[in-house]
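*Asks:* Structure incoming, see below.
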Amino acid sequence: MLALPPVLSDLIQRLSSLPGIGPKAAERLGLALLRRDLHEVQALADALLACRERVGDCPRCGCLSQDGELCAVCADGFRDGRLLCVVETALDAIALERGGGFKGRYHVLGGALSPLRGVLPEDLRIAQLLARIREESTQEVVLATNASPDGEATALYLKQELLALAQPEDALQAPLFVRITRLARGLPSGAQLDYADAATLHSALEHRTDF
Ligand SMILES: [Zn+2]
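Each position in the sequence shown, counted from 1, maps to that position plus 307 in our numbering.
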């Protein structure tokens, strides 16, 4: 077998560790980069570093944002703050935005509850969600967790938490009544949101049902 120069095989190995890139694709990418102008490769390296350093979680909703500022949806004054869509990951919010038509805001949980994998309520951004609902006078919460067993369990848990807002244990807190909806079942069962096509997601949000 032809031995590759060590730096090139190192690059190929790093590329193949990325999701969706097998060894063959990594090899093609690595060799293609060798043929690019030096400044183009430099620009690519700069873009990688800039993203890694500057992109993080939106301080309000947990979607992707730059330099610690609010994300584009949170910063958009035309979004309806009374309508909140709860998703597992920022990728899910991106997928729903691609579907278009949703005028509310998002809240990223950072995963789904999973007793088997040791993911408990305190590991997710659930306390922040409940605080937001109080602060922003949310009227409807769309539970857009995945249609997987963990996603369903998370939706059920959140439903209990949201219903409890109507009967606060703390007598000083005003009771809150929020409409709870779930994405419509146009989605294949067990489906992950970020793999669904835009039209399916658009329709699932449009036809969401009380949960
Ligand atoms: Zn945000």
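Think of the CB as a built atom: it goes at the ideal place given N, C-alpha and C, for glycine as much as any other residue.
Where DSSP assigns a beta bridge to residue 433, which residues make up the other side?
*Replies:* Along the sequence shown, one-based indexing puts residue 433 at 126. In DSSP, residue 433 forms no bridge with anything.
*Asks:* When DSSP labels each residue in this structure, what does residue 514 get in the three-state scheme?
*Replies:* One-based indexing of the sequence shown puts residue 514 at position 207. If DSSP states are grouped into helix, strand and coil, residue 514 belongs with coil.
*Asks:* State yes or no: is the C-beta of residue 381 within less than 8 Å of the C-beta of residue 368?
*Replies:* Within the sequence shown, numbered from 1, the residue matching residue 381 stands at position 74. Within the sequence shown, numbered from 1, the residue matching residue 368 stands at position 61. It is a contact, given that the beta carbons lie within the stated cut-off.
*Asks:* Quick check: the Cα distance between residue 348 and residue 410, rounded to an integer number of angstroms?
*Replies:* The count along the sequence shown starts at 1 and reaches residue 348 at position 41. The count along the sequence shown starts at 1 and reaches residue 410 at position 103. Roughly 39 Å separates the two Cα atoms.
*Asks:* To which residues does DSSP link residue 343 through a beta bridge?
*Replies:* Position 36 of the sequence shown, counted from the start, is the residue given in the question as residue 343. Partner(s): none; residue 343 has no beta bridge.
*Asks:* Say the cut is 7 Å; is the CB of residue 367 nearer than that to a heavy atom of ligand 1?
*Replies:* As a first step, residue 367 must be located in the sequence shown, where it is residue number 60. Yes - ligand 1 has a heavy atom lying nearer than 7 Å to the Cβ of residue 367.
*Asks:* Closest to residue 418 by C-alpha separation, out of 456, 355, 505, 439, would be which residue?
*Replies:* One-based indexing of the sequence shown puts residue 418 at position 111. Nearest of 456, 355, 505, 439 to residue 418, Cα basis: 456.
*Asks:* Mind checking whether residue 503 and residue 402 have CB atoms under 8 Å apart?
*Replies:* For the purposes of this step, residue 503 is taken as residue 196 along the sequence shown, with counting starting at 1. For the purposes of this step, residue 402 is taken as residue 95 along the sequence shown, with counting starting at 1. Result yes, Cβ atoms of residue 503 and residue 402 sit closer than 8 Å.
*Asks:* Give the range of the alpha helix (DSSP H) segment to which residue 458 is assigned.
*Replies:* As a first step, residue 458 is located in the sequence shown; it is residue number 151 there, counting from the start. Residue 458 -> alpha helix (DSSP H) spans 456-471.
*Asks:* For residue 376 and residue 311, I'd like the C-alpha separation in whole angstroms.
*Replies:* Mapped onto the sequence shown, residue 376 falls at position 69. Mapped onto the sequence shown, residue 311 falls at position 4. Whole-angstrom Cα-Cα distance: 44 Å.
*Asks:* So residue 412 is in the beta strand (DSSP E); what residue range does that whole segment cover?
*Replies:* Here residue 412 refers to the residue found at position 105 of the sequence shown. That run of the beta strand (DSSP E) goes 412-415.
*Asks:* Going along the chain, which unbroken runs of the beta strand (DSSP E) with 3 or more residues stay wholly within the region 350-422?
*Replies:* Entirely contained in the region 350-422, the beta strand (DSSP E) runs reaching 3 residues are, in chain order, 362-364, 371-373, 390-394, 412-415.
*Asks:* Looking at residue 400: is its Cβ nearer than 8 Å to the Cβ of residue 358?
*Replies:* Taking the sequence shown and counting its residues from 1, the one referred to as residue 400 is at position 93. Taking the sequence shown and counting its residues from 1, the one referred to as residue 358 is at position 51. Not closer than 8 Å, so no.
*Asks:* Measuring straight from C-alpha to C-alpha, what distance separates residue 415 and residue 465?
*Replies:* In the sequence shown, residue 415 corresponds to position 108, counting from 1. In the sequence shown, residue 465 corresponds to position 158, counting from 1. Approximately 13 Å, taken between the alpha carbons.
*Asks:* Can you tell me whether residue 318 sits near ligand 1, meaning its C-beta is under 7 Å from at least one heavy atom of the ligand?
*Replies:* Working through the sequence shown from its first residue, we reach residue 318 at position 11. No; taking the cut-off as 7 Å, the Cβ of residue 318 has no heavy atom of ligand 1 nearer than that.
*Asks:* Which residues share a DSSP beta bridge with residue 447?
*Replies:* On the sequence shown, position 140 is the one that residue 447 refers to. For residue 447, which the question treats as bridged, DSSP gives the partners 390, 486.
*Asks:* Give me the Cβ distance between residue 489 and residue 462, rounded to the nearest whole Å; I'm assuming they're in contact under 8 Å.
*Replies:* Counting from 1 along the sequence shown, the entry for residue 489 is found at position 182. Counting from 1 along the sequence shown, the entry for residue 462 is found at position 155. Yes, they are in contact, since the Cβ atoms of residue 489 and residue 462 sit about 6 Å apart, within 8 Å.
*Asks:* Let's test the definition: count the other Cβ atoms within 10 Å of the Cβ of residue 412 and tell me whether it reaches 16, buried, or not, exposed.
*Replies:* Start at 1 with the first residue of the sequence shown, and residue 412 comes out as number 105. The residue in question, residue 412, is buried, as its Cβ has 16 or more Cβ neighbours within 10 Å.
*Asks:* How would you label residue 451, buried or exposed, when you count the other beta carbons within 10 angstroms and need 16 or more for buried?
*Replies:* One-based indexing of the sequence shown puts residue 451 at position 144. Burial call: buried.
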